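Structure first, commentary second.
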Amino acid sequence: MHETSITDAHTLAPTELYAILAHQLRAITQDEPDWIANTANCAALLYHNLPQINWAGFYFLQGNELVLGPFQGRPACVRIPVGKSVCGTAAQTLAVQIVPNVHQFPGHIACDSASNSEIVLPICSGQKLLGVLDIDSPQFDRFNQQDAVGLQSLIDVLVGTY
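Numbering (the working numbering), first residue to last: 1 to 162.
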């Protein structure tokens, strides 16, 4: 079993925290080819180590919809049309979405009323969109470019197992 809890995560600089998380994710996934298992472990790793988050998980592209995949947190919306909400916008534009206040995002889907900010990163293998990584926080303005870069490093580890 791999140790996946960082007891002092809240005191680490974001770059250091994400480097540790990427190292742990590599260790967990290095001999595991199953995409669902690897994304499930990634969701747990993020949920239990990123400070001030209340949801972390994946949506996978199926046709013109994103369908809920492995996650940690409260039950979530199962299907999101591409182009709708923060997740659907990230899928449509293939661009990271950093939303400081989800209540001001046009078309936001409120799966958890406690969420106030969100970051969503598209997951691509080559030119193919696989889905998105979605992380929510009860804190306004929780996410920034450092988070985007750090989370992308974890996505890169995952895509290497796809």
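Glycine residues also receive a C-beta, built at the ideal position from the N, C-alpha and C atoms. The model shown is predicted, which means the values in this text are computed figures rather than measured ones.
For residue i, does the three-state DSSP call read helix, strand or coil?
i	result
residue 50	coil
residue 62	strand
residue 124	strand
residue 30	coil
residue 75	coil
residue 160	coil
residue 136	strand
residue 130	strand
residue 13	coil
residue 149	helix
residue 1	With a pLDDT of 45 at residue 1, under the threshold of 50, the modelled position of that residue is not reliable, and the figure given next carries that caveat. Coil at residue 1, not helix or strand.
residue 142	coil
Got a sec: is the Cβ-Cβ distance from residue i to anything in chain C below 8 Å?
i	result
residue 20	You won't find chain C in this structure, because it holds only one protein chain.
Cα separation between residue i and residue j?
i	j	result
residue 81	residue 106	14 Å
residue 143	residue 32	30 Å
residue 68	residue 17	26 Å
residue 49	residue 148	16 Å
residue 37	residue 111	24 Å
residue 39	residue 158	7 Å
residue 164	residue 22	In the structure as shown, the chain starts at 1 and stops at 162, and residue 164 therefore has no counterpart that could be examined.
residue 1	residue 72	Because the pLDDT of residue 1 is 45, which lies under 50, any placement of that residue in the model is unreliable, and the number read from its coordinates should be weighed accordingly. Their backbone Cα atoms lie some 19 Å apart in a straight line.
residue 140	residue 29	32 Å
residue 162	residue 41	14 Å
Roughly how far, in whole angstroms, is the beta-carbon of residue i from the beta-carbon of residue j, given that I think they are within contact range, below 8 Å?
i	j	result
residue 45	residue 24	6 Å
residue 117	residue 102	6 Å
residue 120	residue 90	4 Å
residue 146	residue 51	Their Cβ separation, rounded to whole angstroms, is 13 Å, which puts residue 146 and residue 51 out of contact at 8 Å.
residue 164	residue 123	One cannot answer for residue 164 here, as it falls past the ends of the chain, which runs 1 to 162.
Inset, instruction - Go through the stretch 83-114 residue by residue and report every complete run of the alpha helix (DSSP H) that reaches 4 residues or more, in order. - result: 85-93
Legend entry - Touching by the beta-carbon criterion (3+ pairs, under 8 Å), the stretch 125-140 and the stretch 50-60: yes
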